[in-house]
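**Q**
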Amino acid sequence: MIVNLELMVAFLIYLLKSSFCLTLLYGFYKLFFASTTRFSLNRWVLVGGMLTCLLLPFVSLELEHEPLVQSPFRLMQEWEQPVEVIPAPAAGMAETVRPETGHWDWLVIWMVVYLSGCTFVLLQWVAGYLRLFRWINRQEYKECNGLRWVLYDIPVRSFSWGTYIVMSRQEYEASSPVCLHEEMHCRYGHCYDNLLIQLILIFHWWNPLVWKLKHELSGVHEYQADEGVLDQGIDAKIYQLLLVRKAVGSRLYSMACGFTHSSLKKRISMMSKKRNTKWVRLRVLLAVPLAAGVVYAFAKPEVKETVADYSAALQTKNQGKAKSGLVVRDAEQRRDTDNLMLDHISSEKAYVLELYCNQRNHFLFGPENPVSKKELVDWETMTDKVRKQLTDAFAELYSKQKKEMFPIVVRIVADRNAKMGAITIAKQKLMKAYDEARQELSKTYPQELVDKCLTSCFYYASPKAYADVPAGVADKSVPLPGYGIQFWVDNRLAGELKDFSLDELSSKIMQLREENKAENFAVSLKIPSDASEGVVYDLKQVLRKGYMLKLNLTNDF
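Residues in the sequence shown are numbered from 500 upward in steps of one, following my numbering.
(1) Would you report the Cα separation of Val-554 and Val-620, rounded to the nearest angstrom?
(2) Could you name the residues of the same chain whose beta carbon sits closer than 6 Å to that of Pro-556, not counting the 5 residues immediately before and after it, in chain order?
(3) Return yes when the Cβ of Ser-955 is within less than 9 Å of the Cβ of Tyr-933, no when it is not.
(4) How would you call Tyr-663, buried or exposed, if buried means at least 16 neighbouring beta carbons within 10 angstroms?
(5) Is it right to say Gln-946 is buried, meaning 16 or more other beta carbons lie within 10 angstroms of its own, or is it exposed?
(6) Taking Cβ positions, are Leu-695 and Val-709 nearer each other than 9 Å?
(7) Thinking Ile-733 and Leu-679 are a contact (beta carbons under 8 Å), I'd like their distance in whole angstroms, please.
(8) Tell me, please, whether the segment 715-734 touches the segment 530-550 by the rule of three or more beta-carbon pairs shorter than 8 Å.
(9) Just to check my reading of the structure: Arg-537 and Arg-780 have Cβ atoms closer than 8 Å, yes? What is that Cβ distance to the nearest angstrom?
(10) Please confirm if the segment 909-927 is in contact with the segment 1027-1037, defined as three or more CB-CB distances below 8 Å between the two stretches.
(11) Pull up the CB-CB distance for Leu-979 and Gly-994, whole angstroms please, since I reckon it's below 8 Å.
(12) Determine the extent of the alpha helix (DSSP H) in which Pro-1027 is found, giving its start and end residues.
(13) Does the beta-carbon distance from Ala-925 to Phe-527 come in below 9 Å?
(14) Does DSSP put Tyr-944 in a helix, in a strand, or in coil?
(15) Do you know how far the Cα of Ile-984 is from the Cα of Phe-999?
(16) What residue from Asn-990, Lys-997, Leu-1038, Glu-726 has the CA that sits closest to Lys-975's CA?
(17) Kindly indicate which residue of Glu-1032, Arg-637, Leu-560, Leu-511 has the alpha-carbon position closest to the one of Tyr-855.
(18) Could you tell me how far apart the beta carbons of Met-666 and Leu-646 are, in whole angstroms, since I believe they sit closer than 8 Å?
(19) What separation, rounded to the nearest whole angstrom, lies between the Cα atoms of Glu-670 and Met-683?
(20) Exposed or buried, His-714, counting other C-beta atoms within 10 Å across all chains shown (16 or more means buried)?
(21) Report the rounded CA-to-CA distance for Arg-886 versus Asp-914, giving the unit in angstroms.
(22) Looking at Leu-863: is its Cβ nearer than 9 Å to the Cβ of Lys-848?
(23) Buried or exposed: Gln-888, going by 16 or more other Cβ atoms within 10 Å of its Cβ?
(24) What distance in whole Å lies between the Cβ atoms of Ile-911 and Tyr-850, which are believed to be in contact at a cut-off of 8 Å?
(25) DSSP on Lys-873, reduced to helix/strand/coil?
(26) Which two residues bound the contiguous alpha helix (DSSP H) that contains Glu-855?
(27) Could you give the first and the last residue of the continuous beta strand (DSSP E) run that contains Leu-996?
(28) Counting C-beta neighbours from all protein chains within 10 Å, is the total for Arg-766 16 or more, i.e. buried, or is it exposed?
(29) Per DSSP, what are the beta-bridge partners of Trp-987 in this structure?
(30) Please classify Tyr-795 as buried or exposed, where buried requires at least 16 neighbouring CB atoms within 10 angstroms.
(31) How about Leu-1064 and Val-1035: do their beta carbons lie closer than 9 Å?
(32) Is the beta carbon of Ala-894 less than 9 Å from the beta carbon of Leu-948?
(33) Excluding sequence positions up to five away, which residues of its chain have a Cβ less than 6 Å from the Cβ of Val-558?
(34) Look at the alpha carbon of Val-1022 and the alpha carbon of Trp-987, and state the distance between them as a whole number of angstroms.
(35) Can you tell me the Cβ-Cβ gap for Glu-639 and Ser-657, rounded? I've got them flagged as a contact below 8 Å.
(36) Along the chain, where does the alpha helix (DSSP H) containing Lys-641 start, and where does it finish?
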């Protein structure tokens, strides 16, 4: 079911992107080509444009800044992760944060409605082709000039498909211009264009502008066939009178090329219109910036951590020792690159695993090495999966490094919009996984080595951000409701703030440092249950700048 949901969201994103491209194509064609008489050019603009629209969503481009159009697509891409419900917190803690689940309901409803429409259009299409081929196969054909003429003794409305032309024997024997018109459809291969647009319509039946594209393409087919007839020396007025006589009735099949397919008035107007110069072809060049704009709109933001974390990635790549996906990092690297907001790790070296929480509070766990693929973990299996990776890492380390065993630590990385409540519960599960791993390994390995390597060591890294987007607080002058902070100097309360802004916090720190010369500063920070990692990170950055590093972090429920 998870895989199906992932595919569903990925397909929805592709569908919306390609539909957006097809909508732009229709506007581009109507603006620059619909009124021109270079019908061959118009045809390839439409056909080539549709193929391009189907491929553009696959073009991958990364930008430093996130394009505005890409924002909803990026949010939908996160839906590809299955939704997990955070269980009730431990005793003494109030309920923290629960990922949203409502979007799956409407997504499933949308998929049911969408597939019903696709099925209806497909069945209509199949039924039409069955009727068409029944007309073709019901009668013996006569082959002439590489075409197969299916002639009926009764009056039938003429149409063509591939190399087959269906018409009345009377018109064929009279060498009517209708024969030449249908032959032009076959020579130009218009049926293959129809096949393409009909396949597109199966998936884009809900977009009215795609139906408009089909209408425009069918019109171009008729204009091109009419032009081919007139180029054969047929008198224009005689041909136009024939069109008027044939205009009564309707077409048999939408997938076939018929003599009276398009608007009669527009066809006569196009035949009488002066042919455009070849310079009109240069208008195609206008599609280049349009396509570039679409690629820019669909570009993904460059997902990166803070500058310190980026440096860590480079150091890990150049200096780290990778063993089966595990990364060895020394203490200096960690101090330089990570925001140690929890436990201080004094060891010179450590094997590092990583637990990543995205902005929808879903977790991925695995080696810190970016080459290794992290595994999706839900709340029910997080403890077991972490325990297994801890025991596997210890066993491998013991087999190769008996003389130099390192602590196995977990680095917690969160998106700037991830909730602190989710991280708190994840930390509890990590501690439980360490306990279970120690108990399991103590049965086989020396207790001293197990305790050395599997002391509950995990720490926070700076939250991930997108390009230059602030980690959490966009406006430092806006108050943060639900946040509170107390300042302590030499173990006495020196001041406090509630619902404060970052600017107010900075001013308060400066005031306290001027009033108190003592160096023994400490703070106690209260945060609401729905606090995001980015906001808490920005708060702590202000505190670090003021040299207040001893934090007592509590949740205010």
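Cβ atoms here follow ideal geometry from the backbone N, Cα and C, with glycine treated the same way.
**A** In terms of the structure at hand:
(1) The amino acid at residue 554 is misidentified as Val; the sequence shows Leu. CA-to-CA, the gap between Leu-554 and Val-620 works out to about 23 Å.
(2) Tyr-513, Lys-516, Ser-517
(3) yes
(4) buried
(5) exposed
(6) No. Outside cutoff.
(7) Ile-733 to Leu-679, Cβ: 7 Å. Contact.
(8) These segments touch.
(9) 7 Å
(10) Inter-segment contact for the segment 909-927 and the segment 1027-1037 is present: three or more beta-carbon pairs are separated by less than 8 Å.
(11) With a Cβ gap of about 17 Å, Leu-979 and Gly-994 do not count as contacting.
(12) Note, Pro-1027: premise wrong, no alpha helix (DSSP H); beta strand (DSSP E) at 1020-1027.
(13) no
(14) coil
(15) 9 Å
(16) Leu-1038
(17) Glu-1032
(18) That belief does not hold up - the Cβ atoms of Met-666 and Leu-646 are roughly 11 Å apart, past 8 Å.
(19) 16 Å
(20) exposed
(21) 24 Å
(22) no
(23) Note on Gln-888: 16 or more other CB atoms within 10 angstroms of its CB, so buried under the neighbour-count rule.
(24) 15 Å between Cβ atoms; not a contact.
(25) coil
(26) It is Tyr, not Glu, that sits at residue 855 in the sequence shown. Where Tyr-855 is concerned, there is no enclosing alpha helix (DSSP H), although the beta strand (DSSP E) it sits in stretches over 848-856.
(27) 991-997
(28) buried
(29) Leu-992, Ala-1021
(30) exposed
(31) There is no way to answer for residue 1064, as the model of the chain reaches only from 500 to 1056.
(32) no
(33) Val-794
(34) 6 Å
(35) Contact between Glu-639 and Ser-657 is absent: CB atoms are separated by about 17 Å, not below the 8 Å threshold.
(36) Counting along the chain, Lys-641 falls outside any alpha helix (DSSP H), though it belongs to the beta strand (DSSP E) covering 640-643.
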